[in-house]
Amino acid sequence: MNHSQTRALADETQALVEVQDKRLPLPEATMFIVASSGALWALLYGAFNALIG
Numbered sequence: 301m302n303h304s305q306t307r308a309l310a311d312e313t314q315a316l317v318e319v320q321d322k323r324l325p326l327p328e329a330t331m332f333i334v335a336s337s338g339a340l341w342a343l344l345y346g347a348f349n350a351l352i353g
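Letter by letter, the sequence shown follows residues 301 to 353 of the working numbering.
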């Protein structure tokens with residue numbers, strides 16, 4: 301019984317480690333947000349310029 305509990309705990313720990321690996325660290329997340337907002341502004345400016353200019 302104790303072996304199965306230890307194995308379950310080890311599997312749960314490994315699952316938590318794998319979940320943490322999928323998240324972006326803060327500098328990469330910040331760069332992604334800045335790049336996305338820059339791309340959005342460029343698209344909006346292009347669309348606005350196409351309609352008006």
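We put the beta carbon where it would ideally sit given N, CA and C, even for glycine.
Other residues of its chain near residue i: CB distance less than 7 Å, five sequence neighbours each side excluded
i	result
residue 332	324
8 Å CB neighbourhood of residue i in its chain, flanking five on each side removed
i	result
residue 345	none
residue 338	none
Extent of the continuous alpha helix (DSSP H) run through residue i
i	result
residue 324	Here residue 324 belongs to no alpha helix (DSSP H), and DSSP marks it neither H nor E.
Per-residue DSSP class, three states only, for residue i
i	result
residue 346	helix
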